[in-house]
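Visitor: For what it's worth, the numbering used here labels the leading residue of the sequence shown as 117, then goes sequentially.
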Amino acid sequence: MRFYLTTAIDYVNNRPHLGTAYEKITADVIARYHRLIGDDVRFVMGNDEHSQNVFKRAREQNMDPLAYCDQMEGEFRKAWSHLNISFDDFIRTTEPRHKVAVQAMVQKSFDNGDIYEGVYEGWYCVSCEEFKPEKSLVDGLCPIHKSKPDWIKETNYFFKLSKYRDALLAHYAAHPEFAAPDTRRNEMLRLLEGGLDDISVSRAGQSWGIPLPFEPKSVVYVWYDALINYAAAVGYGAADGQFDTWWPAALHLIGKDIARFHYVVWPAMLMSVGAPLPTQVFGHGFITINGQKMSKSLGTMIDPIEAADRLGVDPLRLYLSKEIVFGGDGDFSFDRFEEKYNADLANNLGNLVSRVTSMVQRYRQGALVATHAPGDLADRAAECVARYRASMDALQLETGIAEVFRLTDATNEYIASRQPWTLAKRGDDAALDAVLWNATEAVRLIAVLLSPVMPASCEEILDRVGAVGADRSSLTFGLSGSRAVAQRDALWPRVEHRVENKETSVTEEISKPAEPSQTPATPVATPPAVAPEAAPVAAPSQWPMESRITIDDFMKIDLRIAKVLTAEKVAGSKKLMKMTIDVGTEQRTIVAGIAEGYEAEALVGRHVAIVANLKPAKLMGIESNGMVLAASAENGKPLLVSFEAPPPPGTRVK
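1. Taking the C-alpha atoms as reference points, what is the distance between Ser596 and His214?
2. Can you find the residues in the same chain that come closer than 7 Å, C-beta to C-beta, to Phe226, ignoring five residues on each side of it along the sequence?
3. Within 10 angstroms of the Cβ of Val584, are there 16 or more other Cβ atoms? Answer buried if so, exposed if not.
4. Return the residue from the list Arg722, Glu684, Leu692, Val686 that minimises the CA-CA distance to Asp698.
5. Is Lys372 helix, strand or coil by DSSP?
6. Since Val727 sits in a beta bridge, which residues does DSSP pair it with?
7. Can you name, in chain order, every residue of its own chain whose Cβ lies under 7 Å from the Cβ of Thr592, other than the five neighbours on each side?
8. Please work out which residues of its chain come closer than 6 Å, Cβ to Cβ, to Phe119, disregarding the five sequence neighbours upstream and downstream, and give them in chain order.
9. How is Pro644 classed by DSSP in three states: helix, strand or coil?
10. Going by beta-carbon coordinates alone, are Val686 and Met743 separated by less than 8 Å?
11. Classify Lys770 as buried or exposed, calling it buried when 16 or more other Cβ atoms lie within 10 Å of its own Cβ.
12. For Thr527, which option in Ala518, Tyr504, Arg505, Leu493 has the closest C-alpha, if you only look at C-alpha atoms?
13. Could you give the uninterrupted runs of the beta strand (DSSP E) lying entirely in the region 138 to 182, keeping only those of 3 residues or more?
14. In terms of residue numbering, what span does the beta strand (DSSP E) encompassing Pro332 cover?
15. Does the count of Cβ pairs from the region 477 to 488 and the region 454 to 467 closer than 8 Å reach three?
16. Does the distance from the C-beta atom of Val128 to that of Asn163 stay below 8 Å?
17. Looking at the unbroken alpha helix (DSSP H) that takes in Gln358, where does it start and where does it end?
18. Does DSSP classify Met403 as helix, strand or coil?
19. According to the neighbour-count rule (16 or more other Cβ atoms, all chains shown, within 10 Å of its Cβ), is Trp363 buried or exposed?
20. What span of residues does the beta strand (DSSP E) with Val559 cover, start to end?
21. In or out: Tyr230 buried (at least 16 other Cβ within 10 Å) or exposed?
22. Please list, in chain order, all residues of the same chain as Ala716 whose beta carbon is under 8 Å from its beta carbon, the five residues on each side excluded.
23. Judging by CA-CA distance, which residue of Asn228, Arg193, Val336 is the nearest neighbour of Leu386?
24. Label Arg768 either buried or exposed according to how many other C-beta atoms from any shown protein chain fall within 10 Å of its C-beta, with 16 as the threshold for buried.
25. Give me the residue from Pro212, Val235, Gln219, Val380 with the minimum Cα distance to Lys279.
26. Looking at the strands, I want to know which residues DSSP matches up with Cys241.
27. Applying the 10 Å Cβ sphere with the 16-neighbour rule, what's the burial state of Leu134?
28. I'd like the span of the beta strand (DSSP E) that includes Glu293, first residue to last.
29. Please determine, among Val724, Lys264, Ile562, the residue with the shortest C-alpha to C-alpha distance to Ala761.
30. Would you say the region 434 to 446 touches the region 508 to 522, given that touching needs at least three Cβ pairs under 8 Å?
31. What three-state label does DSSP hand Thr515 in the structure shown?
32. Please confirm if the region 186 to 204 is in contact with the region 280 to 295, defined as three or more CB-CB distances below 8 Å between the two stretches.
33. Quick one: measure Cβ to Cβ for Ala711 and Lys691, integer angstroms, because I've assumed they're closer than 8 Å.
34. Taking three-plus beta-carbon pairs below 8 Å as touching, is the region 331 to 347 in contact with the region 202 to 211?
35. Quick check on the burial criterion: 16 or more other C-beta atoms within 10 angstroms. Buried or exposed for Ser318?
36. Any idea if Ser740 is buried or exposed, counting beta-carbon neighbours within 10 angstroms, 16 or more meaning buried?
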C-alpha cells in the first residue's frame, strides 16, 4: 500500500523551534510506523520561502532573498537531521518544480472560471500573511500574534471559494475521516455552515513570488502558492506520471492554526482543477510553555537541538509522542521531561533490557536457543501488537506507545513470577531456558514496536538481544531460533539533581517530582532495620499502658505504598540491598537489610510498604531515604510486608 505523508512547510524567517519540531517528530513516527508494517511510504517536508516576512528578514541582513533561503535551508536540515527525521523529499517553494505546479494549477482554475479580478479590502495580519475576517479578531487583534492587523485595499485576483461550500459539506458527510481530529472537524463544519467568502489569490506590486501566468505583474498570494507544494512534490504539472502514482496524499499533518487553509481552501482548490482530495487532514495542537504557544514574538522559543541534547534525541522523541495526546495541546517543561526520562527509560525499559541481558549472560553466557511453549507472555504480546496497531492506525500515538510500556511492565511481572534465579539454583534448565527466551523475545518485540519513536535506541536494543534479519522488524512473538545476547552499559543512566540538605549537611540525589509531593519536601531515610518480632499478648504486657502511643502519635508516621524499580546488593554487605522505589510523586533510593531473604531480581516490580517521613541516613556510604517494612523470626530471613492486590504507589497505609 502506498502512503504519501506531508507536513506543513515552514517559514524560514526564523530557525525551527520545539513546536515546529513536534510536528516533524510525530510525522516521522507515523512514517516509520507505516514502513514497519510494509507500506510504500513517501514522506515530504519543506520550506515556505515566498513570504514577505522572509523577504523582509533577508533585507534586514543585507542578503539576497534566495541566498538567505539557501542559508536557512541548511539550518532546517541540520535540525531535522539531528532529530533523526527520515523524510524522503524536501521541497522548497523557490524550486522550479514548484513554480511549474503553481502556474499549472492557477491557470487551470482560471480556465475553469474559478479565478476572477476584483477589489479587496480588509484586515491583513503581516505576521500571518493572511486577511482576517473581523469576527476572527480578538479585541481588534490577531488571535495568534496579538498584534493589530493593517487595513488594506487593493485590486487582486480572487478564487471562488464560496462556489465550493456545498461540495465541501457533501465531502465531509461522505468521508467523516477526512477532517481529524473531531475538534477540528467540528470547527470546520461550523465555518462551512456559516458560508464562505471568495479569497484573494494574488498580490500586486511585489516581485518576491511566482508570477500569475495570465498577469505577470502580480504574484501568487503566498498561502495559495504554499498549499500547492503537496502536489508539486509528486509532480503536478509535470509529464512524468509521478502525480498519478502518488496522489492523493494519505495524510496532511498540519498545526491547528492553519486549519482553514487545509480543511477548506486546499480541498476547494483541488476540486477546481478536478484532482482527488487527500484521504485525511490532521490538525495537531500546540506545544506550549506556561500555556502559551511557542513563538519568537511571544518569547517562548525552545531550540529543539538544545532540548534533545539535554537527555538525548530518542528520549525527546518519546516524551513528545507519548506524553502529549495527539491532536491536543501539550505543555513542555524540562523538569517533566527529566521525570519521564527516569521513570520510562532509566528505571523501566532500560532496567528491563539490562536485567534480561545480564541474566542471559550470567546463566547462559549470552547464548540462547528457543525453548518455548506458548503462554501468558506470548499471549500478552499478541494482544499488545493488535492494540498498538489499532492505535497507530487511528493516529492515537500516545495510546499505542503506552501499550508498549504495558508490555514492558508485563515482562517485568513475568520475570518476577517465574523467578529464573530460583530455576537456576535448582538446575531446572528447560524451564530456565524457556523463561530467558520469552523475556528476550518480549524485549525484542518491544524494541520493534518502539522503533518508529526511538529508532537509534531500538536498533541498539535489537543488537543487544541478538536480533538479526527479519527479527529486527517482525511483529510476531518468535517461537524458534537462536540468539547471541550481549550485556552492555546502561542505555539511559538515571539523571539526578544535586540539592543541599540543610538539616543533615549532606548532599543527596533526588529526582524532581512533577507536582507537589504528598510527603514532606525533605527526602527521608532510616537504617534498614526490620520491624520488631511480634510476640503473643501476655501478662505482664511488653507494652505497658504508660509506654503506648496515641492515635495522634501514630498518624505522625507516614506509611506509603512504593513500587521497587531497581534492586542490587550492596557490595561488601551480606544483608543490605539498595533499591530505587517509586512513591507515586517521586522516586527515592532506599537501603534495607533484606538481602538474605530476597534476590535482587525478585524485588523489581514488587510493591512494598515504607515509612516515608524519616530523616535520611547513610549506610555503607549510600544515602537511604525511607524504611521498608519487614518482619523476621528469631535468626530467620526477613519477610517483606506484602499485599494481595497492591494499591498504586503513593497510597497511604493507615
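Glycine included, every Cβ here is placed at the ideal spot set by N, Cα and C.
Guide: According to the data block:
1. Going by C-alpha positions, Ser596 is about 51 Å away from His214.
2. Cβ within range, chain order: Phe330.
3. Val584 should be labelled exposed.
4. Nearest of Arg722, Glu684, Leu692, Val686 to Asp698, Cα basis: Arg722.
5. Of the three classes helix, strand and coil, the one that applies to Lys372 here is helix, per DSSP.
6. For Val727, which the question treats as bridged, DSSP gives the partners Leu675, Met743.
7. Result list for Thr592: empty, nothing under 7 Å.
8. Within the same chain, and ignoring the five residues on either side of Phe119 in sequence, the residues whose Cβ sits closer than 6 Å to its Cβ are His150, Asp155, Val157, Ala366.
9. At Pro644 the pLDDT is 38, less than 50, meaning the model places this residue with poor confidence and gives no usable figure here.
10. No.
11. Looking at its Cβ environment, which holds fewer than 16 other Cβ atoms inside 10 Å, Lys770 is exposed.
12. Put simply, of Ala518, Tyr504, Arg505, Leu493 the residue whose alpha carbon is nearest the alpha carbon of Thr527 is Leu493.
13. The qualifying runs are 156 to 164.
14. Taken as a continuous stretch (DSSP letters only), the beta strand (DSSP E) holding Pro332 covers 331 to 336.
15. No: fewer than three Cβ pairs fall under 8 Å.
16. It is a contact, given that the beta carbons lie within the stated cut-off.
17. Per DSSP, Gln358 belongs to the alpha helix (DSSP H) from 358 to 362.
18. Reading off the sequence shown, one finds Ile at residue 403, where the question assumed Met. Of the three classes helix, strand and coil, the one that applies to Ile403 here is strand, per DSSP.
19. Buried, by the Cβ-count rule.
20. The continuous stretches of beta strand (DSSP E) do not include Val559, which lies in the alpha helix (DSSP H) extending over residues 545 to 566.
21. Correcting the residue identity first, residue 230 is Asp in this sequence and not Tyr. Under this definition Asp230 is a buried residue.
22. Within the same chain, Ala716 has close Cβ partners Ala683, Glu684, Lys685, Met693.
23. The shortest CA-to-CA distance from Leu386 to any of Asn228, Arg193, Val336 is the one to Asn228.
24. Exposed, by the Cβ-count rule.
25. It is Val380.
26. The beta-bridge partner set that DSSP reports for Cys241 consists of Glu246.
27. Leu134 comes out buried.
28. For Glu293, there is no enclosing beta strand (DSSP E), as DSSP gives it neither H nor E.
29. Nearest of Val724, Lys264, Ile562 to Ala761, Cα basis: Val724.
30. Yes: the two stretches touch, three or more of their Cβ pairs being nearer than 8 Å.
31. Looking at Thr515 - three-state DSSP - the assignment turns out to be helix.
32. In short, these stretches do not touch, since the Cβ pair count stays below three.
33. Confirmed, about 5 Å.
34. The region 331 to 347, when compared against the region 202 to 211, does touch it at the 8 Å Cβ threshold.
35. Counting every other CB atom within 10 Å of its CB across the protein chains shown gives Ser318 a total of 16 or more, marking it as buried.
36. The residue in question, Ser740, is buried, as its Cβ has 16 or more Cβ neighbours within 10 Å.
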